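Visitor: Submitted below is the structure of interest, expressed as C-alpha cells.
There are 2 protein chains.
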Amino acid sequence: MKEENFSEWYNDVIERAGLSDKRYPVKGMNVWRPYGWKLMLNIDRIIREECNKRNFDEVCFPLLIPEEQFKKEKEHIKGFDEQVYWVTKAGENLLDVPLLLRPTSETAMYPMFALWVRSHSDLPLRTYQIVNTFRYETKQTRPFVRVREIHFFEAHTCHTDFEDAEHQIKEYYEILKNVAEKLCLPYILTKRPDWDKFAGAFYSVGIDTIMPSGKTLQIGSIHQYRENFSKAYDIKYEDEKGGHNFVHQTTYGMSERLVGAVIGVHGDEKGLVLPPGIAPVQIVIVPIFKKENEKTVKDECEKVKKMLKDFRVELDCRELTPGSKYYDWELKGVPLRIEIGPRDVKKQCAVFVRRDNGEKFEVKMEKIVEEAGKTLKNIEADLLKKAEKLLKSRLKKFEKLEEAKNFDGIVKTGWCGKENCGLDTEEKLDMKTLGAPVEKEKFKGKCASCGKDTDVVVYMARTY
Amino acid sequence: MKEENFSEWYNDVIERAGLSDKRYPVKGMNVWRPYGWKLMLNIDRIIREECNKRNFDEVCFPLLIPEEQFKKEKEHIKGFDEQVYWVTKAGENLLDVPLLLRPTSETAMYPMFALWVRSHSDLPLRTYQIVNTFRYETKQTRPFVRVREIHFFEAHTCHTDFEDAEHQIKEYYEILKNVAEKLCLPYILTKRPDWDKFAGAFYSVGIDTIMPSGKTLQIGSIHQYRENFSKAYDIKYEDEKGGHNFVHQTTYGMSERLVGAVIGVHGDEKGLVLPPGIAPVQIVIVPIFKKENEKTVKDECEKVKKMLKDFRVELDCRELTPGSKYYDWELKGVPLRIEIGPRDVKKQCAVFVRRDNGEKFEVKMEKIVEEAGKTLKNIEADLLKKAEKLLKSRLKKFEKLEEAKNFDGIVKTGWCGKENCGLDTEEKLDMKTLGAPVEKEKFKGKCASCGKDTDVVVYMARTY
C-alpha cells in the first residue's frame, strides 16, 4: 500500500501506531498522542544537545505579538499577513491592540534584541527556542506536514558583520548534519530563488528531503537576513571605535515535519521503521513460553532487560500471542526485537530480529549488550544508506523538459537566472524551483526556458 | 531590602539574575531569559521523571479550543469566561467558530477522552502535558506569580470509580512531595471552601507555600471532579458486566509559580539561592591567581572541573577580579563555589564556599568529588529546614480575631462550616480562606464568626 497509495498509507500508519489523533475538533490542529510525542521529544533532545554544546542560549518568548511590532518589517508582513491568527478579545473586552499568534518569532524577539544588544561584546548573540507556532493554512492539512499549530525549533542570531553571520550559517549546516544523521535522513541544500525566499530574508536556504512519492518535503530552512530586520527593529551595537552599526542576523528553523519525514522515508508495509537514535522504544523483548516454562522464560527476560538498562527497552509480558506482539511492535517501528524462549534459556542465547530488514540471528547471552549496541548502530547506518539510495535514484538531470515532466523526483536543469524563465519552467513541469545547490555543481547546459547557455543548474520538484 | 520591601527585592533580583525580562510589549507576558528558562526546564525534568516513573503518558493537545467545546460544562465556563483570550480572525477572515486560548485543558482534552475511553481496560487513563496556557489577568501582574501566559503542568486522569480517583489523588501527593523536596519548599494542603473550589470540581485541594512577606503563594492544585466533566463530555466506559458508566476524573496542576516560590522563599540580600536539584549551575569554580601562576592555577581548575563532570559545573575564567565573580554567582544563586589559588594547588586542596550560609572550608583534592556531593546534599537539607522553620513561624492559632488581624502569616481558626461565617471571617481579617487541612487536625474551639462550638479548623491568609 505504501507504494501504490502513499498518502493513504501515511495517514493510516500515523493513526494505527498512535502518533497523532486528527479527530480534534479544529482542522489541522492535531493531538500528539503519547508515542508520537515521545518521538518528537527525542528529536528535540538531539537538537538541544547540538545547540547547547555550541553554547546557544535557549530562551522562550511570548506567543502573542502586538500588531505594531509585527508590522515593522514590510516584506515580512506581506509574507505572513494572510496566515496569522488574531486575538481580538479577552473576556468580554475588545483588546486595544490586536495580538497575533506567532507564525515564527522574528517580530517577538527583535524588539527585545534591540534592548539586549548594546556593544560588540554582546555579540554574537545566539539563541533558540522550541515552541508552538501557528499558521492559518488554506491548503489541505496533513499530520506533521501541513498543520495549523506547528511544533517549531527556531534559532535566531545577531552578528557584528555579514562574514560572521555567514560563519553562523556554516555552523547551522553542522548542526543539521548531526541531527539528520540521527534521523537517518539525507537532504539537499538549495538556495531558494528570490521569488520564494523567506519574507524579509537576504537569501534563504531550503532543506529538502524526498518522500517515496517522489515529492520533496522541506524539513527546515536557514536564512541570512543581513541588516533587513535590524534596521526595522533598530538593533545596533557600538563597535570598538565607538561607531554604531546594525547587526547582521540569521535564523534556522525546523519543525515537526522531521517526524513526517521519518515516517515517510523509512516506513514500510508493516508500519513505522524508527531510527534507533529517536525511537521511544529501541528494543522490545518478547518472551515465548508454554505454561510449564513461563517463569523460567520471564525471569530470563527480566534479567536481559536489566542488562540492557542503557537502552530504551520494553519487556512485553501482555497476555497475547507472540505473533500479535510482533505485529504491534513492528507497527510501532521498534528497531530491534529480542525473542527469548525456553530453548534459548537452556542454550543461554537470544534471537535478535531487525525491524528494518527482518534479519534474524542468534546472540549468546554474554554478548547481548555489546551485540545490541552494534545492531542498533548497523540499523542506523543501513537506514541512512537506503534513504540515500532513494534520494539518489530520484535526482536526475534532464536536457529535455518533455522527458522531465513525468519524472517523480527532483529534476536538474539549466537556468539562465532570469525570474521569467524560472517561472516558465515551473509551469511547464508543474514543479517548483527548489533552487541552485548550495554546494556548487559543475554544469554546462542551456536554460530550460530560453535556451541560453548557462553554468547554473537548478533543482525542480513537486513539493509537499 | 528583602526584609523591608519584598516586592521590590523580588522584581529586582529577577531582573539582575537574568531570569525574565518584563519589557516585552505585552503586559504580563514576559520573556524567559536563558538562565530562568534553564531553571524552569530543570523543574520540568523533575516533574516528568516523577510522572513517567509512575507510567503517566505525556501528551500535547492543541492550544486553541472551539467555543462550543468550552461551553459544555457550565460551572467551568462561569469560572473562566472573564479570563479567556479569543481568536476571532485569521488572515482577513472572521472565523466561523471563535477559538479560545486554553486557560487550562479540560475542554480541549475531554472530547478526545470520550473517543479514547471505551472499556474498563482503557482505565485508568493517566496523562499529563507541560504547555503554555493563557489567562487575561486583570490584577497587577508579577513575574512567575501572576502572568498572562503561563508555563503550566497539568495531569488529567480518568477512573472507573470515585475510590480509584481518590487513590490517584494520594499518588499526586507523593509526586508533589518529591518535587517539593527538590525545590526545598514546604507547603500545606488544604481543601478549599466550596466558594473557592475550581470551576467544575467536586472538591479542590490547594497547595500553598508561604513567602517571606507572610502572604501565601498557591503553587499548585489538585482536583477531584467526580463525574462532573465526564457527564458533560460523555466520557463513558463499558464495565465487565456490559454496563455503561461515566468515568471519574482528577487533575493536578502546577505552574511557573514554582520558580516564583523558589526565588521568594530561598533568596537573600545577595540574590538568588537555588536548590542544588534545580540550579542551572550547581558548582562554580573560581581560579585565583597572579600573572606568574596563572597557568598552574587554571590547569588545576580544569582538572577539578573534569573530576566534577557529573555535576553542572562552570569554570569562570573571565577577566574579572575574583570579587566581581563572587558577586555575580552569588546573585545567580549557585549553591557551591570552589576557589582554587596557588597555595591550594601546592597543598592539593580547594576552598568550598556554601551559598546558603556562607560557610567556608578546605577540602583535600582526593576528596573533592565526594565532598561536593555531600555539600550539595547538606545545602538541600538545610534550605528545606530553614524554609520549614519560616512556614512554622508563620502558622499560628488565634482565638481572638482582633489579634489575628495584624498577623503576617497563616491564621488557624475555628469554623462552623457555614459559608456566611467563612466569608464574614474573611472580611474581618482581610484574608482569604485557604481551607481545612487535608491531614485532619485535632481541634476544639469556636467558629470565629458565630461563636458556635466546632471541631473544624480552617487556615486563613493573605494571598498572592
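Chains as they are written, first to last, in this note's numbering: chain A, 905 to 1368; chain B, 905 to 1368.
Using N, Cα and C, we set each Cβ at its ideal position, and we do this for glycine too.
Remember, predicted model here, so these are calculated numbers, not experimental data.
Could you check where the beta strand (DSSP E) with Pro1191 of chain B kicks off and where it finishes?
Guide: Residues Ile1187 to Pro1191.
Visitor: For the structure I just gave you, are there three or more beta carbon pairs, one from the stretch 1017 to 1037 of chain B and one from the stretch 1137 to 1153 of chain B, closer than 8 angstroms?
Guide: Output reads yes: the stretch 1137 to 1153 of chain B touches the stretch 1017 to 1037 of chain B.
Visitor: Are the CB atoms of Ala1103 of chain B and Glu979 of chain B within a distance shorter than 8 angstroms?
Guide: For Glu979 of chain B and Ala1103 of chain B, yes; Cβs fall inside 8 angstroms.
Visitor: In chain order, what residues of the same chain have a beta carbon less than 8 angstroms from the beta carbon of Asn956 of chain B, not counting five sequence neighbours either side?
Guide: The residues are Glu962.
Visitor: Could you pull the start and end residues of the beta strand (DSSP E) that Gly1157 of chain B belongs to?
Guide: Counting along the chain, the beta strand (DSSP E) containing Gly1157 of chain B begins and ends at His1152 to Ser1159.
Visitor: Should Ser1134 of chain B and Val1109 of chain B be called a contact, given that it needs their Cβ atoms to be closer than 8 angstroms?
Guide: Not in contact: Ser1134 of chain B and Val1109 of chain B (Cβ atoms no closer than 8 angstroms).
Visitor: Just checking: is the beta-carbon of Phe1017 of chain A within a distance shorter than 8 angstroms of some beta-carbon in chain B?
Guide: Cβ-Cβ to chain B under 8 angstroms: no for Phe1017 of chain A.
Visitor: Here's a check: name, in chain order, each residue in its chain whose Cβ is nearer than 7 angstroms to the Cβ of Trp990 of chain A, leaving out the five neighbours to either side.
Guide: Only Pro1002 and Leu1004 meet the Cβ criterion.
Visitor: Have a look at B:Thr1329, B:Phe960, B:Asn915 and B:Gln973 and flag the residue whose alpha-carbon is nearest the alpha-carbon of Ile1431 of chain B.
Guide: Outside the modelled stretch of chain B, which goes from 905 to 1368, sits residue 1431 of chain B, for which no answer is possible.
Visitor: Answer with buried or exposed for Phe1276 of chain A, where buried requires no fewer than 16 other C-beta atoms within 10 angstroms of its C-beta.
Guide: Checking the sequence shown, residue 1276 of chain A turns out to be Ala, not Phe. Answer is buried; the Cβ neighbour count reaches 16.
Visitor: Would you tell me roughly how many angstroms separate the C-alpha atoms of Ile918 of chain B and Gly932 of chain B, rounded to the nearest one?
Guide: If you take the alpha carbons of Ile918 of chain B and Gly932 of chain B, they lie about 14 angstroms apart.
Visitor: Let me see if you follow: with CB-CB separation under 8 angstroms, is Val1185 of chain B close to chain A or not?
Guide: With 8 angstroms as the cut-off, Val1185 of chain B does not count as an interface residue toward chain A.
Visitor: Answer yes or no: do Thr1358 of chain B and Lys1350 of chain B have a C-beta to C-beta separation smaller than 8 angstroms?
Guide: Yes; because the gap between Cβ atoms is below 8 angstroms, this pair is in contact.
Visitor: Is the distance from the Cβ of Phe1048 of chain A to the Cβ of Gly1164 of chain A below 8 angstroms?
Guide: Closer than 8 angstroms, so yes.
Visitor: If you pair each beta-carbon of the stretch 1110 to 1121 of chain B with each one of the stretch 1031 to 1048 of chain B, do three or more pairs fall below 8 angstroms?
Guide: At 8 angstroms Cβ cutoff, the stretches do not touch.
Visitor: Which complete alpha helix (DSSP H) runs does the stretch 917 to 990 of chain A hold, if anything under 4 residues is left out?
Guide: The stretch 917 to 990 of chain A contains these whole alpha helix (DSSP H) runs: 938 to 956, 971 to 974 and 978 to 984.
Visitor: Using the Cβ count rule (16 or more neighbours within 10 Å means buried), how would you classify Asp1260 of chain A?
Guide: So Asp1260 of chain A ends up on the buried side.
Visitor: Counting only C-beta atoms, is Arg927 of chain A closer than 8 angstroms to chain B at any point?
Guide: Closer than 8 angstroms: yes.
Visitor: Scan the stretch 1259 to 1346 of chain A and note each continuous beta strand (DSSP E) run of 3 residues or more that stays entirely inside, going in chain order.
Guide: Segments of the beta strand (DSSP E) lying fully in the stretch 1259 to 1346 of chain A: 1264 to 1268, 1299 to 1301, 1314 to 1318 and 1336 to 1341.
Visitor: Can you find a heavy atom of the ligand MN that lies under 7 angstroms from the Cβ of Arg1258 of chain B?
Guide: Looking at this structure, you won't find the ligand MN or any other ligand, since it has none at all.
Visitor: State whether the stretch 1239 to 1251 of chain B contacts the stretch 1197 to 1207 of chain B, with contact taken as three or more CB pairs (one from each stretch) at a distance under 8 angstroms.
Guide: Short answer: they touch.
Visitor: So, does the stretch 1064 to 1081 of chain B touch the stretch 1181 to 1193 of chain B, judging by three or more C-beta pairs under 8 angstroms?
Guide: Cβ pair count under 8 angstroms is below three, so no.
Visitor: Would you say Trp1233 of chain A faces chain E, with C-beta separation under 8 angstroms as the test?
Guide: The chain labelled as chain E is not found among the protein chains of the depicted structure, namely A and B.
Visitor: Anyone know if the C-beta pair for Glu903 of chain A and Asn1149 of chain A falls short of 8 angstroms?
Guide: The structure shown does not extend to residue 903 of chain A, since chain A is modelled only from 905 through 1368, so no value can be given for it.
Visitor: Residues in the stretch 1021 to 1048 of chain A with C-beta within 7 angstroms of chain B's C-beta atoms, listed in sequence order?
Guide: Result list: Asn1036 and Tyr1040.
Visitor: Could you please give the first and the last residue of the uninterrupted alpha helix (DSSP H) stretch that includes Glu1085 of chain B?
Guide: Per DSSP, Glu1085 of chain B belongs to the alpha helix (DSSP H) from Phe1066 to Leu1087.
Visitor: Could you check where the alpha helix (DSSP H) with Met1013 of chain A kicks off and where it finishes?
Guide: Note, Met1013 of chain A: alpha helix (DSSP H), Glu1010 to Trp1020.
Visitor: For the structure I just gave you, are there three or more beta carbon pairs, one from the stretch 1262 to 1275 of chain B and one from the stretch 931 to 947 of chain B, closer than 8 angstroms?
Guide: Counting Cβ pairs under 8 angstroms, fewer than three are found: no touch.
Visitor: List the residues of chain B whose Cβ lies closer than 7 angstroms to the Cβ of Asp961 of chain A, in chain order.
Guide: What Asp961 of chain A touches in chain B: Pro938.
Visitor: Mind listing which residues of the stretch 1304 to 1333 of chain A have their C-beta closer than 8 angstroms to chain B's C-betas, in chain order?
Guide: Flagged: no residues at all.
Visitor: CB-CB under 7 angstroms to Leu1394 of chain B, same chain, minus the five flanking residues each way: which ones, in chain order?
Guide: Residue 1394 of chain B is absent from the model: chain B starts at 905 and stops at 1368.
Visitor: Hey, could you find the ends of the alpha helix (DSSP H) Ser1353 of chain B is sitting in?
Guide: No alpha helix (DSSP H) contains Ser1353 of chain B, which DSSP labels as neither H nor E.
Visitor: Have a look at Phe1193 of chain B and Val1201 of chain B and give me their C-alpha separation to the nearest angstrom.
Guide: So the two alpha carbons sit approximately 7 angstroms from each other.
Visitor: Tell me the residue span of the alpha helix (DSSP H) that contains Asn1197 of chain B.
Guide: Note, Asn1197 of chain B: premise wrong, no alpha helix (DSSP H); not H, not E.
Visitor: Is it buried or exposed, Leu1214 of chain B, if we count other Cβ atoms within 10 angstroms and call 16 or more buried?
Guide: Contrary to the premise, residue 1214 of chain B reads as Asp rather than Leu in this sequence. Classification for Asp1214 of chain B: exposed.
Visitor: Tell whether a beta-carbon distance below 8 angstroms holds between Ile1114 of chain B and Gly1339 of chain B.
Guide: No, the Cβ-Cβ distance between Ile1114 of chain B and Gly1339 of chain B is not below 8 angstroms.
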